[in-house]
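Residue numbers (the UniProt record's numbering): 1 to 153. Everything on this sheet refers to the single structure shown next.
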Amino acid sequence: MTDPLDRRYQVELQVSAERVPQLRRIVAAHLRHWSLEPHVRPVCRAAEELLTNVRRHVGETSRCVVELRWTGRHLTVSVADDDARMPRLLDGGGGGLSRVMALSDSWGTCRTPDGKVVWFTRYAEAPRTTGLLPRTPLPGGLTARSRPLAELV
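In structure tokens:
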């Protein structure tokens, strides 16, 4: 059964220096639209790291596919590119996959027929909405009138 909160967004882009900040704004807008405001900063930062890695290691002229998926409980961000070289987590590194690992609950990579996918997830439960609050009673036990005062006289 599919969760009614299942949301997806996918975009293919060329990873130039100008496109990375544009995609960061697009991701932020989708997260806000999905009412995931507390996750905007860490998710955008981790997504930016993945895109920067593609730009740095695969090349600015390469194309990649970025996908966001939110199931109502987990948010997954993946970046697929056409380079078969798998990324490595470097010891003592302060950026790249080390930063993605610090900003996410889980992350990973997998080979594809055309290259690879690097992804990360964050627990992102759907915000709880409350219904309308009941009317508060008037002081002294009085109740509000349902008809205008002129009709009562």
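The beta-carbon is built from N, C-alpha and C at its ideal position, and this holds for glycine as well. In this text, all values refer to a predicted model and were calculated from it rather than measured experimentally.
Original post:
Leaving out the 5 sequence neighbours to the left and right, which residues in its chain are closer than 6 Å to residue 16 when beta-carbon positions are compared?
Top reply: Taking the sequence shown and counting its residues from 1, one reaches residue 16 at position 16. So the qualifying residues of the chain are 60.
Original post:
Is the CB-CB distance between residue 100 and residue 109 below 7 Å?
Top reply: Here residue 100 is taken as the residue at index 100 of the sequence shown, counted from 1. Here residue 109 is taken as the residue at index 109 of the sequence shown, counted from 1. In this structure, residue 100 sits away from residue 109, with a CB-CB distance that is not shorter than 7 Å.
Original post:
Closest by CA to residue 154, which one among 77, 65, 70?
Top reply: The structure shown does not extend to residue 154, since the chain is modelled only from 1 through 153, so no value can be given for it.
Original post:
What three-state label does DSSP hand residue 52 in the structure shown?
Top reply: Sequence index remark: in the sequence shown, residue 52 carries index 52 (1-based). Of the three classes helix, strand and coil, the one that applies to residue 52 here is helix, per DSSP.
Original post:
Do the segment 32 to 43 and the segment 79 to 89 touch if we need at least three Cβ pairs shorter than 8 Å?
Top reply: These segments do not touch.
Original post:
Between the C-alpha atoms of residue 111 and residue 80, what's the straight-line distance to the nearest angstrom?
Top reply: Numbered from its first residue, the sequence shown carries residue 111 at position 111. Numbered from its first residue, the sequence shown carries residue 80 at position 80. Using only the alpha carbons, I get a separation of about 9 Å.
Original post:
What residue ranges within the UniProt domain "Histidine kinase/HSP90-like ATPase" (16 to 121) form continuous alpha helix (DSSP H) runs of no fewer than 4 residues, ordered along the chain?
Top reply: 19 to 33, 40 to 57, 97 to 103
Original post:
When the Cα of residue 22 is compared with those of 105, 5, 8, 44, which residue comes out closest?
Top reply: Position 22 of the sequence shown holds residue 22. Nearest option by C-alpha distance: 44.
Original post:
Under the DSSP definition of a beta bridge, which residues are partnered with residue 13?
Top reply: Locating residue 13 in the sequence shown gives position 13, counting from the first residue. Under DSSP, residue 13 shares a beta bridge with 64.
Original post:
Is the beta carbon of residue 68 less than 7 Å from the beta carbon of residue 33?
Top reply: For this step, residue 68 is matched to residue 68 along the sequence shown. For this step, residue 33 is matched to residue 33 along the sequence shown. For residue 68 and residue 33, no; Cβs fall outside 7 Å.
Original post:
Buried or exposed: which applies to residue 25, given that a residue is buried once 16 or more other Cβ atoms fall within 10 Å of its Cβ?
Top reply: Sequence index remark: in the sequence shown, residue 25 carries index 25 (1-based). Residue 25 is exposed by the Cβ-count criterion.
Subject >> Inter-residue Cα distance where the pair is residue 41 and residue 104 >> reply: Taking the first residue of the sequence shown as position 1, residue 41 is located at position 41. Taking the first residue of the sequence shown as position 1, residue 104 is located at position 104. Answer to the nearest angstrom: the Cα atoms are 12 Å apart.
**OP:** Answer with buried or exposed for residue 122, where buried requires no fewer than 16 other C-beta atoms within 10 angstroms of its C-beta.
**Re:** Residue 122 sits at position 122 when you count from the first residue of the sequence shown. Residue 122 is buried by the Cβ-count criterion.
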